[in-house]
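Residue numbers (this note's numbering), protein chains in the order written: chain A, 1 to 718; chain B, 1001 to 1083; chain C, 2001 to 2083; chain D, 3001 to 3225.
Beta carbons are placed, not taken as given, at the ideal position from N, Cα and C, and that holds for glycine.
Input: a single structure, listed below in structure tokens.
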Amino acid sequence: MPTVSPSDQRHRQLGLTDGEYALIVQQLGRHPRDTELAMLSLMWSEHCAYKHSRTTLRRLPTEGPAVLMGPGENAGVVDVGDGLGVAFKVESHNHPSAVEPFQGAATGVGGILRDIFAVGARPIAVLDSLRFGEPTSERSRYLLEQAVAGIAHYGNSVGVPTVGGEIYFEAAYEQNCLVNAMCLGLAPIGRLIRSAAAGPGNVLVLLGALTGRDGIGGASVLASAELGEGDAAKRPSVQIGDPFAEKKLLECSLELLESELLISLQDLGAAGLTSAASEMASGGGVGLDIDCDRVPLRELGLAPFEIMVSESQERMLCVVAPDRVAEVVAACERWETRATPIGEVTDSGRMRVRHAAELVADLPVSILVDDCPVYDLAPTEPVGVSLYPAPPATLAPDASAAETLLALLGSANLASRRLVYEQYDPIVQSRTVRRPDEADAAVLALPTGEALAVAIDGNGRRVACDPRAGAAEAVYECAANLTCVGATPLGLTNCLNFGNPEKPHVAWQLTEAVEGIAQACRALGVPVVGGNVSLYNEAPTDAIYPTPVIGMVGRLPDPARAGRLRFARAGDAIALVGPFAPTRAGSEVAKLSGHELAGPLPIMQTAAVRDAQDTVRTMVNAGALHNAHDIAEGGIGVALAECCVAGGIGARVALPAGLDPFAEALGQGFLVSGPDVALTGLAIIGRVGGDALELEGVLTVAVAELAAARDGGLARFL
Amino acid sequence: MRARVLVKPKAGILDPQGQAVQRALPALGFTGVTDVHVGRMIELDVQDPARLPEICERLLTNPLIEDYEIVSADPPAPTTASA
Amino acid sequence: MRARVLVKPKAGILDPQGQAVQRALPALGFTGVTDVHVGRMIELDVQDPARLPEICERLLTNPLIEDYEIVSADPPAPTTASA
Amino acid sequence: MKFGVIRFPGSCDEVDAQLACQRVGEAEILWHADRDLRGVDAVVVPGGFSYGDYLRAGAIARFAPVMVEVAEFARAGGLVLGICNGFQVLCEAGLLPGALLDNANLRFVFRQVSLVVVSSDSPFTRACEPDRPLSIPVKHMTGCYYAPPELLRGLQERDQVLLRYAPGHNPNGSLRDIAGVCNAARNVFGLMPHPEHAVDPLTGSIDGLAIFQSIRAAVADRLAV
Ligand SMILES: Nc1ncnc2c1ncn2[C@@H]1O[C@H](COP(=O)(O)OP(=O)(O)O)[C@@H](O)[C@H]1O
Ligand SMILES: [Mg+2]
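In structure tokens, the structure reads:
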């Protein structure tokens, strides 16, 4: 029985522990060859194997009447009626973006697009969720500017609208920015395809770009280690995105599916060919023989291990019947896209890789996909320690209510995102019924006459205060956003951005947050259909806030009636809907005041919140309201100001006794306005009109002044 | 000193622009052109040329993905074939 | 022949990239840099250098807005200050 | 009447343009590699990033085989509309005067802008009401219109500037707020704003329809002759 030789530490450099390496040797009955070691080290990385999160993820409810494909496929898919399915997923590209923000963010979009068309869906929308350090930091401004430009470059160039997103600035993200991208796609249900390879004798065809040394030791290794001293060495592996190649690959893949030429389809992402081929083989319970010499290369002299783990972008892998290969190649040629047979499906259950007539890898598929150990977390609630330093106060302790409101509107987290979303094309494909800033969720018309709504949310600061309640709030807030346009949630996707899970307090944050998401999903009846986990977002000196990002998709019957957030008509009554009992814990105003992060967050009154959502949704769909807006960060004061600014009209409101205008309870309260008759039975708190926002006895500020504060917030920095 | 900084993608780094130009040329009837790369040129007047490398590395180029060269653009100017 | 085509905005044409570089320099502590212009560099191997001007005028540049120069990149190579 | 909308590799708004054309007539997609306009009555060169906009926006697309036919069609007086990337392609092809430079702020810009119809004396703007500005979105990286001084003077004298951004609405630094120009024969028109994205009340304004209605009316007049 071979043992681990202590002198050979290459497995450690590749991120495998001694124990893991011993396990590999034990399973194989020999030491792995170089190519095998490279393949195994990537497949056994956190990024591919989910070894610290798999057990926890099992808590998420994944079933529901609309689910067509759940977690385990490249993207989840829900049924939207009339034979159509909507595929969606959110994914992180945090580490590559910290190293090279433009290309990192661009290839993040490229990667999530491929996950969507890998299941046969045409991408119809992108959203982005970004976290940076405070914009007073030069590095954060650089990261913001470059990441946004990268997303714009890729998304705009492939002709997929970027319809929404979110950005938060917190010192906790100074060392580790977060760049998450979400994509939605639309497919006739009959065109949906899984990645499982099938049919021994069938041909494995590689589509798209040439293979170079991109990302060798890139995403997977990067995603499994804290960014630290070794940064510089990791840098040469930056992947460059080519949206033009992606656009052709997308059109060509969909055409191949439309012509029923493919048996299975899979994108190449982290760990390149190795991961794509292993997943295809594992899914179909088959083996694969791959011939490295046939993989078209961008530069000479790539070693077989490099070919097998290269993360060159804009590539896909498919399985084709031998007699259809010529048709596949011809269809690809029309789109100026390479299609190269590189191997075949076998019944061996093994992944065999040849190079120069030599067998360089011969592994059971199971060791690549199933045998990586799963680690139990050791969660421990940190008691009596504060994990994050209090932010510096930027608001004077004696600031008036009007000053506080203006400071909130102009703060980096609440200010207008116009400077960012103006860099994205939100309208290409002619489906976008609600653009950024028009409503709380983006609305996309469906060919069925109905519409989809989509939103993405996740406030890390609140999760840091109370992981379970904060993560649940993100789900509720997403649902609230869909509610405001009149949509009923169909499913959600999530990206779990956390620190090092081997640290007990991070493990606690992770398990608590997942539990919070699971509880909220059950309460709202929304299944989780997919997601992504990004751990080790932790520079030596700094850990991020635990940041689960929730992307939710819903359906509404009549796009023409989709809700808007702006106050529309002088004289309209304004009502407050929902069990809104906010506090200042974890709020934006607490941050500006320099308060330390601390819970507890307001208790979610589940049944009452659900009732409120039903009420608002029904009224929006009936066309009874002129506006609907959820009350989020900045409390009811900021929510009212946002409605005023968007509509260019004022309002006069008497807040319920004792309601703090800036306290928060995300996802629990709604503002709606409309004619008095429409609001019968609701708690009327004021009226639309005039050119100022007046909170009786609290503040009066001109709408123009509110708008200037909100518009100028980011402009100061960009 | 008037200087030029010539920036191009590092060897082995994907150069989609270079590829696009190379593919376009035969269609225009230009054959025999290979190994095309597209980069940037920055021309500037600099009082202290000794600081140029630092300027290049901190601002003008992205050292992760680009190589650069500094060439003088002072007279005698290179032969101009400009239209 | 290995050639380089250096392309820059014609005099008098707005060059926002050049301006952006020039504006960014003082903030990074680099003074004494003026008259910055940003253009493109295309490097290529060409069998028949006589055809290069035509390639430049038809594809590589837009003569309405850009000037170009062709320089040889064959050895002896210009002094390299590359990182 | 029938519109033909060209699809290059990298086109993004060709289906949007087809949908817009179909509001006033028939429309089909024409493949870049075919030297065949299939008998259409007007050609639309759509928006997007043909050939990735690598090298220069529109520089590679203008050499596509179909562009030989488009040039021929234009010389024979056929109506050609270039939207955004299509405008860039037509300028590069020499079918329209001037050039488009990167936006002055070097960023991509999406914005709903207000446009002034400078001249309704063209097959592309004849259905526009005088003095009524059009609300149409722009979305581009390279939309700053430039023409050297003499050319610019000539364009204005010959009434070739058909659309300008309304005061305060110039999103890209274009000279004299120019948003769209036609050729001297007035049968080729390019504009940076996207009229095809302003044809449906569900997704925005419907001010872009006037451009397609103009073309339809102009073609109808010709067919009637
Ligand atoms: N947080 C999560 N919640 C639900 N499903 C998840 C989560 N993280 C990952 N998954 C699922 O696990 C599978 C593997 O994810 P990933 O490795 O990111 O896929 P890919 O290789 O396609 O990028 C996917 O089906 C994904 O949806
Ligand atoms: Mg995938």
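I'd like to know whether the C-beta atoms of L192 (chain A) and M69 (chain A) end up nearer to each other than 8 Å. Closer than 8 Å, so yes.
So who's on the other strand from H2037 (chain C), going by DSSP bridges? Bridge partners of H2037 (chain C): B:E1043.
Determine, using beta carbons only, whether V109 (chain A) comes closer than 8 Å to chain B. Residue contact check for V109 (chain A) against chain B: no CB pair falls below 8 Å.
Please state whether DSSP places H629 (chain A) in a helix, a strand or coil. Strand at H629 (chain A).
Opposing strand residues paired with D1067 (chain B) [DSSP bridges]: Assignment of beta-bridge partners to D1067 (chain B) by DSSP yields B:K1008.
Three-state secondary structure (DSSP) at L510 (chain A)? Collapsing the DSSP output to three states places L510 (chain A) in a helix.
Option in A:L409, A:R652 and A:V698 with minimal Cα separation from G713 (chain A): When each option's Cα is compared against that of G713 (chain A), the closest is A:L409.
Three-state secondary structure assigned by DSSP to S92 (chain A): S92 (chain A): strand per DSSP, three-state reduction.
Going by C-alpha distance, which of C:E2069, C:S2072, C:D2074 and C:R2058 is nearest F1030 (chain B)? Of C:E2069, C:S2072, C:D2074 and C:R2058, the residue nearest in Cα terms is C:R2058.
Kindly identify the DSSP beta-bridge partner or partners of S3135 (chain D). Per DSSP, D:S3114.
Going by other Cβ atoms of all chains shown within 10 Å of its Cβ, with 16 needed for buried, is Y142 (chain A) buried or exposed? Burial call: exposed.
Interface residues of chain A around Y3054 (chain D) at Cβ under 8 Å? Contact of Y3054 (chain D) with chain A by beta-carbon distance below 8 Å involves F244.
With DSSP as the reference, label K247 (chain A) as helix, strand or coil. Helix.
Could you tell me which residues DSSP pairs with L359 (chain A) in its beta bridges? For L359 (chain A), which the question treats as bridged, DSSP gives the partners A:R354.
Counting only the same chain and skipping the five closest in sequence on each side, list residues whose C-beta sits under 6 Å from that of T583 (chain A). Result list for T583 (chain A): P602 and A663, in chain order.
Verify the CB distance criterion: does A219 (chain A) have a CB-CB separation below 8 Å to chain B? Residue confidence is low: A219 (chain A) scores 34 on pLDDT, short of 50, so the model does not pin down where it sits. Its coordinate-derived value is still stated next. Among the residues facing chain B, A219 (chain A) is not included, as its CB has no counterpart in that chain under 8 Å away.
Any idea if M3001 (chain D) is buried or exposed, counting beta-carbon neighbours within 10 angstroms, 16 or more meaning buried? Classification for M3001 (chain D): buried.
Using a cut-off of 9 Å between C-beta atoms, extract the partners of I240 (chain A) located in chain B. For I240 (chain A), the chain B residues whose C-beta falls within less than 9 Å of its own C-beta are P1009, I1013, L1014, D1015, P1016 and I1065, listed in chain order.
Using a C-beta to C-beta distance shorter than 7 Å, which residues of chain C count as neighbours of D3177 (chain D)? Within chain C, no residue comes near D3177 (chain D); the closest Cβ sits about 15 Å away, beyond 7 Å.
Beta-carbon neighbours of L1006 (chain B), restricted to chain D and to distances below 7 Å: Near L1006 (chain B) there are no residues of chain D at all, since even the closest Cβ is about 17 Å away, more than 7 Å.
From the DSSP output, read off the bridge partner residues of P71 (chain A). Note: P71 (chain A) sits in a beta bridge opposite A:E73.
By DSSP, does Q1019 (chain B) sit in helix, in strand, or in coil? In the structure shown, Q1019 (chain B) falls within a helical segment according to DSSP collapsed to helix, strand and coil.
So which residues on chain B does M2001 (chain C) lean against when the C-beta distance must stay under 9 Å? The contacting residues do not exist; M2001 (chain C) stays about 10 Å from chain B at best.
Can you give me the C-alpha to C-alpha distance between K503 (chain A) and R12 (chain A), rounded to a whole angstrom? Between K503 (chain A) and R12 (chain A), the C-alpha separation is close to 20 Å.
Could you tell me whether the segment 1004-1013 of chain B touches the segment 673-686 of chain A, where touching means 3 or more Cβ pairs closer than 8 Å? Not touching, per the Cβ criterion.
Q266 (chain A) - DSSP class collapsed to helix/strand/coil: DSSP places Q266 (chain A) in strand when its eight states are reduced to three.
Does any C-beta atom of chain B lie closer than 8 Å to the C-beta of Q2019 (chain C)? Under the Cβ criterion of 8 Å, Q2019 (chain C) is not counted among the residues facing chain B.
Suppose you measure from the CA of G111 (chain A) to the CA of P1016 (chain B); what does that come to, to the nearest Å? Computed Cα separation, rounded: 17 Å.
Could you name the residues that DSSP lists as bridge partners for E333 (chain A)? Answer is none; E333 (chain A) lacks a bridge partner.
With DSSP as the reference, please indicate the residues paired to S157 (chain A) in a beta bridge. DSSP lists no bridge partner for S157 (chain A).
Taking the continuous alpha helix (DSSP H) assigned at F3189 (chain D), which residues delimit it? Per DSSP, F3189 (chain D) lies in no alpha helix (DSSP H) segment; the continuous beta strand (DSSP E) that holds it begins and ends at V3188 to L3191.
Return yes when the Cβ of R566 (chain A) is within less than 8 Å of the Cβ of A646 (chain A), no when it is not. In this structure, A646 (chain A) places its C-beta atom within 8 Å of the C-beta atom of R566 (chain A).
Does DSSP classify P364 (chain A) as helix, strand or coil? DSSP places P364 (chain A) in strand when its eight states are reduced to three.
Helix, strand or coil: which one does DSSP assign to L300 (chain A)? Coil at L300 (chain A), not helix or strand.
Alpha carbon to alpha carbon, what distance is there between G108 (chain A) and G150 (chain A)? Computed Cα separation, rounded: 9 Å.
Would L249 (chain A) pass as a contact of G208 (chain A) if the rule is Cβ separation under 8 Å? Yes; because the gap between Cβ atoms is below 8 Å, this pair is in contact.
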